[in-house]
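**Q**
Protein chains: 2
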Amino acid sequence: MARFFMLGTNLLGGTAIMTGKDAEHARVLRIRPGEDIIICDGKGTDYKCRVTIADKQQVEAEVIEVVPCKAEPSVAVSVLCGLPKGSDKTDYIIQKCVEAGASEIFFFPSDRCVARPENIEKKQERWQRISEEAAKQSGRGIIPQVGWLSDYASALDLAVHKDLGLFLYETGEREGLDTVLNAHTGIHSAALITGPEGGFAAFEADLARMAGLHICSMGERILRCETAPVVAVTAVMYATGNLS
Amino acid sequence: MARFFMLGTNLLGGTAIMTGKDAEHARVLRIRPGEDIIICDGKGTDYKCRVTIADKQQVEAEVIEVVPCKAEPSVAVSVLCGLPKGSDKTDYIIQKCVEAGASEIFFFPSDRCVARPENIEKKQERWQRISEEAAKQSGRGIIPQVGWLSDYASALDLAVHKDLGLFLYETGEREGLDTVLNAHTGIHSAALITGPEGGFAAFEADLARMAGLHICSMGERILRCETAPVVAVTAVMYATGNLS
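Line by line, the protein sequences give chains A and B. In this text, residue positions in the first sequence follow the working numbering: the first is 82, and each later residue adds one. In this text, residue positions in the second sequence follow the working numbering: the first is 82, and each later residue adds one.
#1: Can you tell me where the beta strand (DSSP E) with M99 of chain A in it begins and where it stops?
#2: Whose C-alpha, out of A:I145, A:L93, A:S159 and A:S219, is nearest the C-alpha of R84 of chain A?
#3: Please check if any C-beta of chain A sits within less than 7 angstroms of the C-beta of N323 of chain B.
#4: What are the residues that DSSP puts in a beta bridge with D117 of chain A?
#5: Output needed in chain order: residues of the region 293-304 of chain B with a Cβ under 9 angstroms from some Cβ in chain A.
#6: Can you pull the chain B residues whose beta carbon is under 7 angstroms from the beta carbon of L258 of chain A, in chain order?
#7: S219 of chain A versus chain B: which residues are under 7 angstroms apart at the beta carbon?
#8: State the CB to CB distance for the pair A316 of chain A and L230 of chain A, rounded to an integer number of angstroms; the pair is presumed to be in contact (CB under 8 angstroms).
#9: Is it buried or exposed, M326 of chain A, if we count other Cβ atoms within 10 angstroms and call 16 or more buried?
#10: Using only CA atoms, which one of A:V140, A:I223 and A:I175 lies nearest to C150 of chain A?
#11: According to DSSP, what are the bridge partners of G257 of chain B?
#12: Name, in chain order, the residues that DSSP records as bridge partners for L288 of chain B.
#13: If you draw a straight line from the alpha carbon of K203 of chain B to that of T171 of chain B, how long is it in whole angstroms?
#14: What does a CB cutoff of less than 8 angstroms around G95 of chain A pick up in its chain, not counting 5 residues either side in sequence?
#15: In this structure, how does DSSP classify E214 of chain A when only helix, strand and coil are distinguished?
#16: Report the partner residues of W229 of chain B according to the DSSP bridge assignment.
#17: Using a C-beta to C-beta distance shorter than 7 angstroms, which residues of chain A count as neighbours of V342 of chain B?
#18: What does DSSP give as the partner residue(s) for E141 of chain B in the beta ladder?
#19: Do A215 of chain B and Q176 of chain B have their beta-carbon atoms positioned less than 7 angstroms apart in this structure?
#20: Please list the terminal residues of the continuous beta strand (DSSP E) segment that includes C162 of chain A.
#21: For chain B, find out if any of its Cβ atoms is closer than 7 angstroms to the Cβ of G94 of chain A; answer yes or no.
#22: Determine, for K151 of chain B, whether the minimum Cβ-Cβ distance to residues of chain A falls below 7 angstroms.
#23: If I measure Cβ to Cβ from R108 of chain A and keep anything under 7 angstroms in the same chain, skipping five residues before and after, which residues do I get?
#24: What is the rounded straight-line gap between the Cα of C194 of chain B and the Cα of A236 of chain B?
#25: Closer than 7 angstroms by C-beta to G280 of chain A: which residues in its own chain qualify, once you throw out the five before and the five after it? Chain order, please.
#26: Does any C-beta atom of chain B lie closer than 7 angstroms to the C-beta of K177 of chain A?
#27: Does DSSP classify I274 of chain A as helix, strand or coil?
#28: In three-state DSSP terms, what is N126 of chain A?
#29: Since I believe I186 of chain A is in contact with V160 of chain A (beta carbons under 8 angstroms), could you give me their beta-carbon distance rounded to a whole number of angstroms?
#30: Does A83 of chain A get closer than 7 angstroms to chain B when you measure Cβ to Cβ?
#31: By alpha-carbon positions, which one of A:T260, A:I274 and A:R113 ends up nearest to V241 of chain A?
#32: Note down the Cα distance separating I174 of chain A from G125 of chain A, rounded to an integer number of angstroms.
#33: How would you call M291 of chain B, buried or exposed, if buried means at least 16 neighbouring beta carbons within 10 angstroms?
#34: So which of A:C178, A:D238 and A:A271 has the shortest CA-CA distance to I211 of chain A?
#35: Between S270 of chain A and P154 of chain A, what straight-line distance do the alpha-carbon atoms span, to the nearest angstrom?
#36: Buried or exposed: which applies to S168 of chain B, given that a residue is buried once 16 or more other Cβ atoms fall within 10 Å of its Cβ?
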């Protein structure tokens, strides 16, 4: 069933009205009166609707059922990544992490980042569009926010305010990711910090440790900077019963 | 430390000799006498070597330590995918599944495959090269084989001969992936069957069920055909203690 995101107010009164690019998208999908679609409020609620009018400018649909979006995981996972070099990697992280169940994704500059954070505003627009597309495609109940944090300290600060903050690191003294997750299965939020291509500098790991984050290993295989976040999100989903 | 794959015989007698593209690769990496490198036999054993000679044609190195490759998981996971359309998706599946810990990857034609399996021999060469690169990069002890199965029955046959055979499916009666994996944590081998873009036809799921595979759900989020194998491999690694 085709799926659209729409903010709450247009759905009041038992009728949904889609205009603009959503109406255009419906036209591309050749959606006709009588067909059922799902309109999601972007806050985790799905409105199952039957289309009554579908013309070039506008789609009108009658709400026939209101249900919580089943695809939303029980844990809100924030993915925080040292900015990788090349938009293919950022795009990939966004698309795959949204599919895997992340709730928000932020990039930040770190010591070994070689990427220059230029035109961040324009980049954020593209990032958000990729998130929206992945959210639609995978049936998510929210459009995960994708953004930019101007420094590493902001990433740490965001992470320490979650139920569980994990710093994924490939060397030194670490806890097993599974050990940590299995000891925290009842969490409602988690943050995952992963590095750019060159990994994190030792002082960044030290800061994370001092901030109270768990320094975690994901095994002996070296994961690329764009693979690690997806693997980590999947591990959290698995450990919290959101992959079944 | 730079990492190379080499088959067993050249390593006999305490000296390793690299020629051809490996010697060329060493030259690109500017490897000099006195430096340590790791040469892996491709069967799970790492030879830590000290380079004695490094010239254009040949690298000679003295074996100083022989250890099992720590990055090899305790479970051999076979990934079996309905051939997706577009080489970017197959390439992606190979690269990410090798990083995540898969032991072999096979593509096969299924009912809803839109891709034409043309020039398979040439494709297999490229697939194997991607596997080798990903294995080197992630520090694997083997180069996972990547191949082509000429029909769906061969995929089923391969899967039923593993300790655990899973058919990942997005609809109908299914077991939770976590339930199945948590009941089989002592496995030494597993097969994961995932579909092409359009998913599997109902009769293909029926055949898998009749063959004795577990029909599994990975939750309510719809994963792209190139994302599902990586998420599934990660789940197996997590459940069997290979992600810590």
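The beta-carbon is built from N, C-alpha and C at its ideal position, and this holds for glycine as well.
**A** Let me lay it out:
#1: Counted from its first residue, the first sequence places residue 99 of chain A at position 18. Element bounds for M99 of chain A: T96 to M99.
#2: Translated into positions along the first sequence, residue 84 of chain A becomes position 3. Of A:I145, A:L93, A:S159 and A:S219, the residue nearest in Cα terms is A:S219.
#3: Residue 323 of chain B sits at position 242 when you count from the first residue of the second sequence. Output row for N323 of chain B: interface = yes.
#4: Indexing the first sequence from 1 puts residue 117 of chain A at position 36. In DSSP, D117 of chain A forms a bridge with A:R131.
#5: C297, S298, M299, G300, E301, R302, I303 and L304
#6: One-based indexing of the first sequence puts residue 258 of chain A at position 177. Going along chain B in sequence order, the residues near L258 of chain A (Cβ under 7 angstroms) are L324 and S325.
#7: Here residue 219 of chain A is taken as the residue at index 138 of the first sequence, counted from 1. Chain B residues near S219 of chain A: R302, I303 and L304.
#8: Position 235 of the first sequence holds residue 316 of chain A. Position 149 of the first sequence holds residue 230 of chain A. Contact flag wrong, Cβ pair sits at about 23 angstroms.
#9: A question about residue 326 of chain A goes unanswered here, because the residues of chain A that appear run from 82 up to 325.
#10: Your numbering for residue 150 of chain A matches position 69 in the first sequence. The candidate whose alpha carbon is nearest that of C150 of chain A is A:I223.
#11: Indexing the second sequence from 1 puts residue 257 of chain B at position 176. According to DSSP, G257 of chain B bridges with B:S298.
#12: Taking the first residue of the second sequence as position 1, residue 288 of chain B is located at position 207. DSSP output for L288 of chain B lists no bridge partner at all.
#13: Position 122 of the second sequence, counting from 1, holds the residue named residue 203 of chain B. Position 90 of the second sequence, counting from 1, holds the residue named residue 171 of chain B. The straight-line gap from Cα to Cα measures roughly 14 angstroms.
#14: For the purposes of this step, residue 95 of chain A is identified with residue 14 of the first sequence, where counting begins at 1. So the qualifying residues of the chain are E143 and V144.
#15: Here residue 214 of chain A is taken as the residue at index 133 of the first sequence, counted from 1. Three-state result, E214 of chain A: helix.
#16: Locating residue 229 of chain B in the second sequence gives position 148, counting from the first residue. Beta-bridge pairing links W229 of chain B to B:F188.
#17: As displayed, chain B neither begins before 82 nor continues past 325, which places residue 342 of chain B out of reach and without an answer.
#18: Position 60 of the second sequence, counting from 1, holds the residue named residue 141 of chain B. E141 of chain B pairs with B:I98 and B:I134.
#19: What you label residue 176 of chain B is simply residue 95 of the second sequence in a count that begins at 1. What you label residue 215 of chain B is simply residue 134 of the second sequence in a count that begins at 1. In this structure, A215 of chain B lies closer than 7 angstroms to Q176 of chain B by Cβ.
#20: If you number the first sequence from 1, residue 162 of chain A lands on position 81. It spans A157 to G163 - the beta strand (DSSP E) in which C162 of chain A sits, taken as one unbroken run.
#21: Residue 94 of chain A sits at position 13 when you count from the first residue of the first sequence. No, no contact with chain B.
#22: Position 70 of the second sequence, counting from 1, holds the residue named residue 151 of chain B. So yes, K151 of chain B belongs to the interface.
#23: If you number the first sequence from 1, residue 108 of chain A lands on position 27. Around R108 of chain A: K137.
#24: Looking up residue 194 of chain B in the second sequence gives position 113. Looking up residue 236 of chain B in the second sequence gives position 155. Distance between the alpha carbons of C194 of chain B and A236 of chain B is about 15 angstroms.
#25: Counted from its first residue, the first sequence places residue 280 of chain A at position 199. Result list for G280 of chain A: R193 and E251, in chain order.
#26: The residue labelled residue 177 of chain A in the question sits at position 96 within the first sequence. It does: the Cβ of K177 of chain A has a partner Cβ on chain B nearer than 7 angstroms.
#27: Position 193 of the first sequence, counted from the first residue, corresponds to residue 274 of chain A. I274 of chain A falls in the strand class under three-state DSSP.
#28: Translated into the one-based positions of the first sequence, residue 126 of chain A becomes position 45. Residue identity check: residue 126 of chain A is Thr in the sequence provided, not Asn. It is a strand residue.
#29: Walking along the first sequence from the start, residue 160 of chain A turns up at place 79. Walking along the first sequence from the start, residue 186 of chain A turns up at place 105. So it is a contact: roughly 5 angstroms between Cβ atoms.
#30: Residue numbering aside, residue 83 of chain A sits at position 2 when the first sequence is read from its first letter. False, the Cβ-Cβ gap to chain B never drops below 7 angstroms.
#31: Within the first sequence, the letter at position 160 stands for residue 241 of chain A. Nearest C-alpha to V241 of chain A: A:I274.
#32: Sequence index remark: in the first sequence, residue 174 of chain A carries index 93 (1-based). Sequence index remark: in the first sequence, residue 125 of chain A carries index 44 (1-based). If you take the alpha carbons of I174 of chain A and G125 of chain A, they lie about 22 angstroms apart.
#33: Within the second sequence, numbered from 1, the residue matching residue 291 of chain B stands at position 210. Answer is exposed; the Cβ neighbour count stays below 16.
#34: Within the first sequence, the letter at position 130 stands for residue 211 of chain A. Of the listed residues, the one whose Cα sits closest to I211 of chain A is A:C178.
#35: Indexing the first sequence from 1 puts residue 270 of chain A at position 189. Indexing the first sequence from 1 puts residue 154 of chain A at position 73. Taking the straight line joining both Cα atoms gives about 10 angstroms.
#36: Sequence index remark: in the second sequence, residue 168 of chain B carries index 87 (1-based). Exposed, because fewer than 16 other Cβ atoms sit within 10 Å of the Cβ of S168 of chain B.
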